[in-house]
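Structure record follows, encoded as structure tokens.
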């Protein structure tokens, strides 16, 4: 009985790794297609990968993502097609605890982008065009613990940009190319 339990605990991480590889591979195939207008949402019970989303996508996420969307904790956005994230952008992902935004056109947030994202603990923004953080940029994500912004042309940070982030433990700001 102990061997069986050990065996299944060993297989679960391997299976999770397999699914992550599958999702990354599928994302790479999708990104290599020359289809800048199309977007894709792939969700499992724990995560969603959004490829080429825009403002219309976030307003109607339930039309494009499976029912798993409401349970997903980890959200990855690849190649955001808009320069700003609208108010309540993540309202359709109520259990989101980790958000990654990679290689898109993001330049700014609206003042209420993270409204309803009170469960968000980790945010990574990498390879976008984010140039400034205004006062209370992360309003609504008040429980954020880890914030990493890298490979963005960030050149202005307002005095109160992080004022509402009372639980912030890790802040990494790295310009890099």
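Residue numbers (full-length UniProt numbering): 1 to 177.
Beta carbons are placed, not taken as given, at the ideal position from N, Cα and C, and that holds for glycine.
Those residues which DSSP pairs with residue i across a bridge
{"i": "residue 150", "result": "126 and 174"}
{"i": "residue 100", "result": "76 and 124"}
{"i": "residue 156", "result": "132"}
{"i": "residue 108", "result": "84"}
{"i": "residue 40", "result": "51"}
C-alpha gap between residue i and residue j, whole angstroms
{"i": "residue 170", "j": "residue 147", "result": "6 angstroms"}
{"i": "residue 140", "j": "residue 123", "result": "13 angstroms"}
{"i": "residue 150", "j": "residue 103", "result": "11 angstroms"}
{"i": "residue 173", "j": "residue 167", "result": "17 angstroms"}
{"i": "residue 132", "j": "residue 89", "result": "19 angstroms"}
{"i": "residue 155", "j": "residue 97", "result": "27 angstroms"}
{"i": "residue 36", "j": "residue 80", "result": "The predicted position of residue 36 is uncertain, since its pLDDT is 49 and thus under 50; no value can be drawn from it."}
{"i": "residue 55", "j": "residue 86", "result": "7 angstroms"}
{"i": "residue 94", "j": "residue 120", "result": "9 angstroms"}
{"i": "residue 39", "j": "residue 71", "result": "21 angstroms"}
{"i": "residue 159", "j": "residue 48", "result": "33 angstroms"}
Proximity winner among the options, relative to residue i (alpha-carbon distances)
{"i": "residue 135", "options": "162, 142 and 48", "result": "162"}
{"i": "residue 107", "options": "93, 99 and 127", "result": "127"}
{"i": "residue 57", "options": "68, 72, 41 and 70", "result": "41"}
{"i": "residue 53", "options": "142, 75 and 121", "result": "75"}
{"i": "residue 175", "options": "105, 153 and 78", "result": "153"}
{"i": "residue 44", "options": "77, 99, 68 and 92", "result": "68"}
{"i": "residue 46", "options": "73, 142 and 157", "result": "73"}
{"i": "residue 112", "options": "39, 142 and 71", "result": "142"}
{"i": "residue 59", "options": "158, 160, 125 and 91", "result": "91"}
Cβ separation of residue i and residue j, assumed to be a contact under 8 angstroms, to the nearest whole Å
{"i": "residue 109", "j": "residue 84", "result": "7 angstroms"}
{"i": "residue 165", "j": "residue 144", "result": "5 angstroms"}
{"i": "residue 50", "j": "residue 78", "result": "7 angstroms"}
{"i": "residue 101", "j": "residue 125", "result": "5 angstroms"}
Count the CB pairs spanning the stretch 62-71 and the stretch 110-121 that are closer than 8 angstroms, and state whether there are at least three.
no
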